[in-house]
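Count along the sequence shown starting at 1, add 4, and that's the number in my numbering. Ideal Cβ positions, reconstructed from N, Cα and C, are used throughout, including at glycine. This structure is a prediction, so every number in the text was calculated from the model and none was measured.
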Amino acid sequence: MKEIYLDNAATTPVIPQVVEAVTDCLKNDYGNPSSMHRLGIRAEKRIKDAKRHVADLLKTEPEEIIFTSGGTEANNMALLGTAYSRMRRGKHCITTAIEHPSVLQAFAHLENQGFEVTYLPVDADGVISLDDLHKSIREDTILVSVMHVNNETGSIQPIREIGVMLANRPRKPVFHVDAIQSAGKLPVYPSQWGIDLLSVSGHKIHAPKGIGALYIRSGVRIQPILFGGNQQDGLRSGTENISGIVGMGEGAKWIARQLHENSDYLRKLKYTIVEKVKQALPDAVFNGNIDNGAPHILNIGFPGLKGEVLLHALEEEGVYVSSGSACSSRDRKLSHVLKAMGVDDRVLEGSIRVSVSYLTTEEEIEEFIPRLVRAVKRIERFTRR
Ligand SMILES: Cc1ncc(COP(=O)(O)O)c(C=O)c1O
């Protein structure tokens, strides 16, 4: 049976171009970029090229990109780095109730250190209100962090409008965006959208895990959270993960081309799933707003079933999906995102996340539907007994 991978919001397969570039780098460009000899200079040049590719994806300058160990570190660096550098101006931060744990836990840490954090609620579509945000901003607000695309439901926040709103403030708070799920799937251009800091992750754009980047708008100062050899302008000490960086550069180059040349493809796959699921399984509930959501993520609830049981029934059918958020699925807590959206418990417990990539084929989607129907029917029979 051919396996069908529909868990691309958890991680994406590494594309052959990336494997080739990473392998070549490991074999040939093993120098330390801080070394003053030829091998060091060659390694440094590879970092520079990769920065340009990531910068091109985001339409920024290469000097505004800092490589990290992944999305989690990029988020932590943005939030802690901003809070520590601005704490004399104020200690109030704003975020949303549906952020990824790498943002929520970083804010919990700041709260323990005396910062105050406002968590904006979301509506049934999983979207914050600009009015709520406007009302929450205070004289002592130093930081606003809002994710672009939610990893569990695909809901999209009005990032451009927030950028405009904050730009008009007299004491403008730093604006951070977790764009880990959106980069390469939707346009996101921080320098044009009034964003100061923006996180991306390699393994969501077909590059290896353990590599990410933070965009830092030129002129924005944040404190480092790692101390050591002063690599990357002293902002992120530690010998650079050159092969990961090269892989991320290749992934960024490839996905930028997909975004420009193939932008409707993901949405087309998503709508095919929606139409076919509606026909075959009319009891299914789509959590979030399908039309205003990200092109690659669907959160589907099957009332009365258990998401995790369905996940394993699909696994038996050779289909890989996620129940709730893959980043935190092992702790089995009910999704804080679906809860914040007010999703009914029966739907929430029976929800799975289906996420596609540019590598997903139309044939795979065709084949997915009968397998999903078989899995659902099998569990229903078993549950009713
Ligand atoms: C929205 C979001 N933020 C942050 C992360 C963490 O990124 P990483 O796995 O690279 O640490 C993820 C990973 O799933 C994510 O989806």
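Whose CA, out of the options, lies closest to the CA of residue i?
| i | options | result |
| --- | --- | --- |
| SER205 | ALA25, ALA317, LEU62 | LEU62 |
| ASP346 | GLU143, VAL22, ILE69, VAL126 | Looking at the sequence shown, residue 346 is not Asp but Gly. Answer by Cα proximity: VAL126. |
| GLY248 | VAL22, GLY233, ALA78 | VAL22 |
| LYS343 | VAL192, GLU65, ALA128 | ALA128 |
| PRO162 | THR64, ASN296, PHE111 | ASN296 |
| ARG93 | ILE369, THR145, GLU120 | THR145 |
| ILE157 | PRO174, GLY167, ASP136, SER186 | Checking the displayed sequence, the identity of residue 157 turns out to be Thr instead of Ile. The candidate whose alpha carbon is nearest that of THR157 is SER186. |
| LYS337 | LYS213, LEU352, GLY74, PRO174 | LEU352 |
Does the separation of the CB atoms of residue i and residue j fall below 7 Å?
| i | j | result |
| --- | --- | --- |
| GLU312 | SER327 | yes |
| THR99 | ILE132 | no |
| ARG382 | ALA317 | yes |
| GLU165 | LEU190 | no |
| TYR362 | GLN262 | yes |
| ASP200 | MET151 | no |
| HIS96 | ARG142 | yes |
| PRO299 | GLY354 | no |
| ASP28 | ALA47 | no |
| SER203 | ILE184 | yes |
| GLY188 | ILE301 | no |
| HIS104 | ASN155 | yes |
| ILE277 | ILE369 | yes |
Residue i: buried (16+ other C-beta within 10 angstroms of its C-beta) or exposed?
| i | result |
| --- | --- |
| CYS331 | Any reading at CYS331 needs caution, since the residue's pLDDT is 42, under 50, leaving its predicted position unreliable; the model's value is listed next. Buried is the call here. |
| TYR219 | buried |
| GLU265 | exposed |
| GLU244 | buried |
| SER329 | The pLDDT assigned to SER329 is 41, lower than 50, so where the model puts this residue is not dependable; a value taken from the coordinates is nonetheless given after this. Looking at its Cβ environment, which holds 16 or more other Cβ atoms inside 10 Å, SER329 is buried. |
| ALA59 | buried |
| ASN116 | exposed |
| MET252 | buried |
| PHE386 | exposed |
Which residues in the same chain as residue i place their Cβ atom closer than 7 Å to its Cβ, once the five residues preceding and following it in sequence are excluded?
| i | result |
| --- | --- |
| LEU170 | VAL148, LYS176, PRO177, PHE179, GLY198 |
| ILE229 | ASN80, MET81, LEU84, GLY85 |
| LYS280 | ILE373 |
| ILE69 | LYS55, VAL58, ALA59, ALA217, TYR219 |
| GLY44 | GLY35, ASN36, PRO37, SER38 |
When the cut-off is 7 Å and only beta carbons count, does residue i lie next to chain D?
| i | result |
| --- | --- |
| SER195 | Absent from the structure is chain D; it holds one protein chain and no more. |
Using a Cβ-Cβ cutoff of less than 8 Å, which residues in the same chain neighbour residue i once the five nearest sequence positions on both sides are dropped?
| i | result |
| --- | --- |
| LEU285 | PHE306, LEU376, VAL377, VAL380 |
| ALA110 | ASN79, ASN80, LEU83, LEU84 |
In its own chain, which residues sit with a C-beta less than 6 Å from the C-beta of residue i, not counting the 5 before and 5 after it?
| i | result |
| --- | --- |
| SER195 | THR64 |
| ARG221 | ASP200 |
| ASP136 | LEU124 |
Subject >> Those runs of the beta strand (DSSP E) which lie wholly inside the region 82–128 and span at least 3 residues >> reply: 96–100, 120–124
Original post:
Along the chain, which unbroken stretches of the beta strand (DSSP E) at least 3 residues long are found entirely within the region 310–388?
Top reply: 355–359
Original post:
Can you list, in chain order, the stretches of the beta strand (DSSP E) that have 3 or more residues and sit fully within the region 264–288?
Top reply: DSSP runs (the beta strand (DSSP E)) wholly in the region 264–288: none.
Subject >> Ordered list of alpha helix (DSSP H) runs contained in the region 166–214, each at least 4 residues >> reply: 194–197
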